[in-house]
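What follows is a short report on a single structure.
Protein chains: 2
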Amino acid sequence: MLMQGQQAFENVDLGVKAVQGNSLSSLFQMSATETVEAGKAICWEGDAARHLFQITEGVVRLHRIIGDGRRVITAFHFAGDVVGSFLQGDFLFTAEAVTDCKIRRLSRKQFQEEIERSELLRPAYISLLCRETASAHDQLVLLSRKNAEERLCTFLMKLATRDGETLHQGLLEVPMSRQDIADYLGLTIETVSRSISKLAQRKIVIPDGRHNLRIVNLARLAQLSGNVDDFSDRTCHRGSVH
Amino acid sequence: MLMQGQQAFENVDLGVKAVQGNSLSSLFQMSATETVEAGKAICWEGDAARHLFQITEGVVRLHRIIGDGRRVITAFHFAGDVVGSFLQGDFLFTAEAVTDCKIRRLSRKQFQEEIERSELLRPAYISLLCRETASAHDQLVLLSRKNAEERLCTFLMKLATRDGETLHQGLLEVPMSRQDIADYLGLTIETVSRSISKLAQRKIVIPDGRHNLRIVNLARLAQLSGNVDDFSDRTCHRGSVH
DNA sequence: CGAGTTATTGACGAGAGTCAAACAACGTGG
DNA sequence: CCACGTTGTTTGACTCTCGTCAATAACTCG
C-alpha cells in the first residue's frame with residue numbers, strides 16, 4: 373500500500389533522502405511544494421478527490437473512521453510515494469502528516485490527461501495500481517491470520533527493509549506513535565507496547581526513546597514475522613511497508 | 373476485491389444470470405469456454421501469471437497460504453468478474469472453483485496489448501484496478517476493527533446486495549462452505565457457525581440447508597454490519613462482496 | 001522545571017480459538 | 001428409495017490471547 377512508488381525508483385542517494393527517479397514523479401515536478409505540519413490533514417475522507425499528492429519529505433498516514441469512532445490506518449506513505457492514485461470519486465481516507473511534511477499537489481484532471489497522453493507514464497501508473505492492490509492483500513493476510521507479535525515484526529521488518537531506508541548500526545526510526553501503529557496493525561496501543569517490550573526482553577530490538585529502535589537481530593525479526601520464506605527474496609521484492 | 377467488474381455492468385438480466393456488458397468482457401469473448409469442477413484450481417500462487425481469467429459462470433475463491441498452513445481467502449469472484457487483473461509477475465493467490473465454473477482465458481500479453489491499443493478499454497481497466505484496491509481497503513477495515521458478528525453481517529449484506537443477485541423472498545444462496553467464509557472473514561468455522569446461529573435465534577435470518585439463508589430483516593443486518601451509514605447509498609455503490 | 005501528553009505495566013475480563021462430541025446433509029450403492 | 005458412510009456443520013466446555021481499565025512512568029515542550 374505504500375512504498376508503492378519505490379520499487380521503480382532508481383534511488384540515487386543524494387545525501388538527504390532521495391525522492392526522484394520514479395517516472396510518475398516527473399508529473400509533480402512543476403507543482404509548488406507545500407508544507408504540512410505534523411498532525412495536520414492533507415485531505416478528508418468523503419471530500420471530492422480533486423487532487424493527488426506526492427510526498428517529497430516526511431511520513432503520512434491514511435485512515436478511515438468506522439461507526440463509533442474506531443480508526444483504521446490503511447497505509448503509511450513515505451517520501452516519493454503518491455497519495456490518491458487509486459481514487460475515482462471521493463477520498464476514501466483522510467490523509468494526515470505523521471511528521472512535518474513537504475508535499476506537491478496535482479489535479480486529478482491533469483494527472484489523468486498526462487497519463488493518457490504518455491506511453492511511458494501509463495505503464496508506470498498501472499504498475500503502481502497493481503502494487504497498491506498487492507500490498508493491500510499482504511495487509512489482509514496480516515490482519516486476517518497473524519497474532520500480535522507477528523504483526524509487529526512484519527511491520528518493523530517492512531519499515532527496516534523498505535527502499536530508501538538505511539539502518540546505521542541497526543538503528544531504525546519509527547516516526548509514528550504507538551496509537552498509529554496499533555490502528556495500522558488492528559491492535560490496541562497496550563498490545564503494541566507489550567509486544568515491543570517482549571521483543572526487547574528477548575534482545576531482538578532495543579528501544580531508544582519513543583521513536584527509535586535498534587534492530588539487534590533482523591533475521592530473528594523476519595522469522596517472527598510469520599512470512600513463509602522470511603527474509604529471503606520475498607521479503608525484499610514484495611516490499612512495501614504498506 | 374470482487375464484483376469489481378460489476379459496477380460497470382449494464383446487467384441486462386437475460387433470464388439466466390447476466391454476465392456481459394462490461395467492456396473488458398469483450399476481450400474474453402473470443403476465447404473458448406473452459407469448465408472447472410468445484411474444488412479444482414484455476415491457477416496457483418507462485419506460478420507465472422501468464423493468463424487472466426473471466427468467470428462466466430460460478431463462484432471462485434482466491435486464497436493465500438501463510439507459514440504453517442493458515443489460509444486466507446482474499447476474495448470471492450462471481451460471474452462477470454475478471455481474475456488476475458492486478459498481477460504483474462507471478463500469481464499472488466491460488467484461485468479455486470467454489471462451485472462448478474465456466475471460465476474464459478486470455479494471455480496477459482494479449483490483454484496488455486489490447487488495453488494499450490484501445491482508448492476505451494484502458495479507462496475500464498484502470499477503473500477496475502482502482503475498485504479492486506478500494507475493495508481491499510474495505511476488507512482491511514473489516515479485518516482490523518470488526519467483531520465476528522459485524523464481519524458476518526457485512527459479508528451477508530454484500531452477498532445479498534451485490535449486482536446480479538436477486539433475492540426471491542429474501543432467499544440468499546451462499547455457495548461457499550463455512551470454512552471458506554471463516555477464512556475470508558478471518559474467523560474460525562465454529563465462530564462463523566455460532567454467529568449464524570445467533571442471527572437465526574434473533575430471527576434476522578433463517579438458515580435453510582447449508583447453502584441457503586432466508587434474509588428476514590435486511591435492514592437489521594445492515595445495522596449490525598457496523599458500517600457507518602448502513603444500507604444507505606454507501607452500502608450500494610461501494611458495493612462488492614469482495 | 002513542570003504540565004501535558006504519550007507510553008508502559010499490571011490486574012482483570014471478554015470474545016474468539018481449540019478440542020471434542022453430536023448432529024445434519026449429501027452421495028453412493030444396494 | 002432407503003441404509004449407510006462420508007463430509008460438513010453445529011454445539012458445548014474449556015483455554016488463551018488480546019482488549020479494557022487504571023495506575024505509574026517516561027518523554028516533550030513551553
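Protein sequence lines correspond, in order, to chains A and B. First residue of the first sequence: 373, per our numbering; consecutive thereafter. First residue of the second sequence: 373, per our numbering; consecutive thereafter. All C-beta atoms in this analysis are idealised placements derived from N, C-alpha and C, irrespective of residue type, glycine included.
- Rounded to whole angstroms, the separation of the alpha carbons of Glu406 (chain A) and Thr466 (chain B) is 44 Å.
- Burial state of Asp453 (chain A) is buried, judged by a 10 Å Cβ sphere holding 16 or more other Cβ atoms.
- Cβ contact annotation for Asn589 (chain A) (same chain, cutoff 6 Å, sequence separation greater than five): Ile576, in chain order.
- Distance from the CA of Lys530 (chain A) to the CA of Lys481 (chain A), rounded to the nearest whole angstrom, comes to 33 Å.
- Ranked by Cα distance from Gln460 (chain A), the options A:Asp440, A:Phe527, A:Ala421 and A:Val432 are led by A:Ala421.
- Pairwise C-beta distances place the stretch 551-568 of chain A in contact with the stretch 515-528 of chain A, as three or more of them are shorter than 8 Å.
- Chain A places a beta carbon closer than 8 Å to that of Gln460 (chain B), counting this residue as a contact.
- Its chain contains Lys518 and Glu522 as the residues whose beta carbon lies nearer than 6 Å to that of Gly598 (chain B), once the 5 sequence neighbours on both sides are disregarded; these appear in chain order.
- Looking at B:Arg574, B:Val470, B:Ile414 and B:Glu491, the one whose alpha-carbon comes closest to that of Gln551 (chain B) is B:Val470.
- The three-state reading of DSSP puts Glu491 (chain B) in coil, since its state is none of H, G, I, E or B.
- Nearest in C-alpha terms to Asn584 (chain A), of all of A:Leu593, A:Arg574, A:Ile568 and A:Leu596, is A:Ile568.
- Annotation: Cβ neighbours of Ala508 (chain A) in chain B (cutoff 7 Å, chain order): Thr505, Ala508, His509 and Leu512.
- Using a Cβ distance threshold of 8 Å, Met548 (chain B) and Phe448 (chain B) count as a contacting pair.
- Judged by DSSP in its simplified three-state form, Phe465 (chain B) adopts coil rather than helix or strand.
- Cys502 (chain A) has a beta carbon lying within less than 8 Å of a beta carbon in chain B.
- For Arg566 (chain A), there is no enclosing beta strand (DSSP E); the residue is found in the alpha helix (DSSP H) stretching over Ile561 to Gln573.
- For Ile438 (chain A), the neighbours in chain B by C-beta distance under 8 Å run, in chain order, Val513, Arg517, Lys518, Gly598, Asn599 and Val600.
- According to the DSSP assignment, Glu429 (chain A) belongs to the beta strand (DSSP E) that extends over His423 to Glu429.
- Counting the other Cβ atoms within 10 Å of the Cβ of Ser397 (chain A) gives 16 or more, which makes it buried.
- In the three-state scheme derived from DSSP, where H, G and I count as helix and E and B as strand, Leu539 (chain B) is classed as coil.
- One finds His509, Leu512 and Val513 in chain B with Cβ atoms closer than 8 Å to the Cβ of Thr446 (chain A), taken in chain order.
- For the stretch 570-585 of chain B, no residue has a beta-carbon sitting nearer than 9 Å to a beta-carbon of chain A.
- Restricting attention to A:Leu464, A:Arg574 and A:Val564, the CA atom closest to the CA of Thr505 (chain B) is found in A:Leu464.
- With respect to chain B, the C-beta atom of Ser499 (chain A) has a partner C-beta closer than 8 Å.
- Using a Cβ-Cβ cut-off of 8 Å, Arg422 (chain A) does not count as an interface residue toward chain B, since no Cβ of chain B sits closer than that to its own.
- A direct Cα-Cα distance of roughly 42 Å separates Glu485 (chain B) from Ala591 (chain A).
- Collapsing the DSSP output to three states places Thr446 (chain A) in a strand.
- If you draw a straight line from the Cα of Leu493 (chain A) to the Cα of Arg574 (chain A), it is about 47 Å long.
- Assigned with DSSP and collapsed to three states, Val432 (chain B) falls in strand.
- By the criterion of a C-beta distance shorter than 7 Å, Glu545 (chain A) is surrounded in its chain by His583 and Asn584, once the five residues flanking it on both sides are discounted.
- Considering only B:Leu424, B:Ser507, B:Ala532 and B:Leu514, the residue with the shortest C-alpha distance to Ser403 (chain B) is B:Leu424.
- At a cut-off of 8 Å, the C-beta of Arg442 (chain A) has a neighbouring C-beta in chain B.
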